[in-house]
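Read in order, the letters of the sequence shown are residues 3 to 248 in our numbering.
By construction, the Cβ of each residue, glycine as well, lies at the ideal position given by its N, Cα and C atoms.
Step one of this worksheet: look at the structure below.
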Amino acid sequence: MSSSGTAPAYRRLSVQERRSQLLGHALGLFAHRPPEDVSLDDVAASAGVSRPLVYRYFPGGKQQLYEAALRSAADQLEQCFAEPPTGPLTTRLARALDRYLAFVDEHDAGFMALMQGGSVVETSRTNAIVDEVRRDAAEQILAHLAADQGSKGRGSPRLRMAVRTWISAVEAASLIWLDEDKQPPLPQLRDWLMDHFVALLTATAAGDAETATVVRRALALEESDGAVAELVRRVLPVVADSGHLL
3 MSSSGTAPAY RRLSVQERRS QLLGHALGLF AHRPPEDVSL DDVAASAGVS
53 RPLVYRYFPG GKQQLYEAAL RSAADQLEQC FAEPPTGPLT TRLARALDRY
103 LAFVDEHDAG FMALMQGGSV VETSRTNAIV DEVRRDAAEQ ILAHLAADQG
153 SKGRGSPRLR MAVRTWISAV EAASLIWLDE DKQPPLPQLR DWLMDHFVAL
203 LTATAAGDAE TATVVRRALA LEESDGAVAE LVRRVLPVVA DSGHLL
């Protein structure tokens with residue numbers, strides 16, 4: 003009740019507002035429980051509405067609601083890698099990883115269900131949505147690498163494979179992190195994944211001329227106190243006694 007003693011005015015939600023409200027509650031439930039354990043009654047109770055109202059917006063039932071919630075989550079994940087194309091590459095990618103890992107942390111059980119599959123509501127459409135997230139992340143990273151400059155496509159086959167392999171590694175590491183009770187702390191996980199990215203690109207550049215060009219261009223933007231310089235300083239003592247390999 004307001005200070006004047008009158009009840010606040012009731013505001014009817016628009017179709018889009020109501021749909022967004024239901025999806026938000028569904029995502030909250032899917033974030034902490036496997037999709038097969040969430041019912042329309044659960045969503046209705048969470049949103050404080052009736053089951054028929056949920057059906058009115060999602061006449062296809064739980065499957066349609068799950069796919070819509072999955073689409074919403076995918077849109078959020080795809081936005082994680084959206085960064086202005088300025089500054090050192092590792093700085094941009096670290097910010098993107100922070101957003102991605104924060105999503106994993108917030109939607110832990112739902113993220114595992116999303117990426118691991120096996121749900122009774124899994125279909126070819128849901129699999130396509132998940133695969134779209136992976137491909138979109140790879141394309142955004144390739145764009146940051148400016149891999150399409152001077153070439154017909156977005157990077158050589160080896161460079162594209164390296165980037166997509168790293169996306170898979172990020173996904174796998176996120177799942178392992180959840181399985182290991184969210185250890186190590188997120189900043190350490192992010193830094194390790196960044197080291198993995200730099201190492202993978204460097205190794206690929208050693209055998210692929212186009213990747214080497216891309217890596218040189220990216221390294222030119224790195225700073226002496228940045229992530230790549232720090233990695234080099236940590237690696238040198240490890241290989242210092244291996245001069246016989248040269």
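What residue does the alpha helix (DSSP H) around R160 start on, and which one ends it? Sequence index remark: in the sequence shown, residue 160 carries index 158 (1-based). Segment 159-181, the alpha helix (DSSP H) holding R160.
Count the other CB atoms, across all protein chains shown, that sit within 10 Å of the CB of S176; report buried if there are 16 or more and exposed otherwise. Here the question's residue 176 lines up with position 174 in the sequence shown. S176 is buried by the Cβ-count criterion.
Straight-line Cα distance separating L24 from L103: Stepping through the sequence shown from its first residue, residue 103 is reached at position 101. Stepping through the sequence shown from its first residue, residue 24 is reached at position 22. So the two alpha carbons sit approximately 24 Å from each other.
Have a look at R242 and E134 and give me their C-alpha separation to the nearest angstrom. Walking along the sequence shown from the start, residue 242 turns up at place 240. Walking along the sequence shown from the start, residue 134 turns up at place 132. Residue 242 is actually Ala in this sequence, not Arg. For A242 and E134, the distance between alpha carbons rounds to 43 Å.
Please report how far the alpha carbon of P37 lies from the alpha carbon of L67, in whole angstroms. On the sequence shown, residue 37 is found 35 positions in, with the first residue counted as 1. On the sequence shown, residue 67 is found 65 positions in, with the first residue counted as 1. Going by the C-alpha atoms only, they are around 10 Å apart.
On the criterion of 16 or more Cβ atoms from any shown chain inside 10 Å, does E225 qualify as buried, or is it exposed? Taking the first residue of the sequence shown as position 1, residue 225 is located at position 223. E225 should be labelled exposed.
Do you know how far the Cα of F32 is from the Cα of S126? As a first step, residue 126 is located in the sequence shown; it is residue number 124 there, counting from the start. As a first step, residue 32 is located in the sequence shown; it is residue number 30 there, counting from the start. The alpha-carbon atoms of S126 and F32 are separated by roughly 19 Å.
Thinking C-beta only, is T215 closer than 7 Å to R160? As a first step, residue 160 is located in the sequence shown; it is residue number 158 there, counting from the start. As a first step, residue 215 is located in the sequence shown; it is residue number 213 there, counting from the start. Against a cut-off of 7 Å, the Cβ pair of T215 and R160 comes out as no contact.
Is DSSP giving T206 helix, strand or coil here? Counting from 1 along the sequence shown, the entry for residue 206 is found at position 204. Helix at T206.
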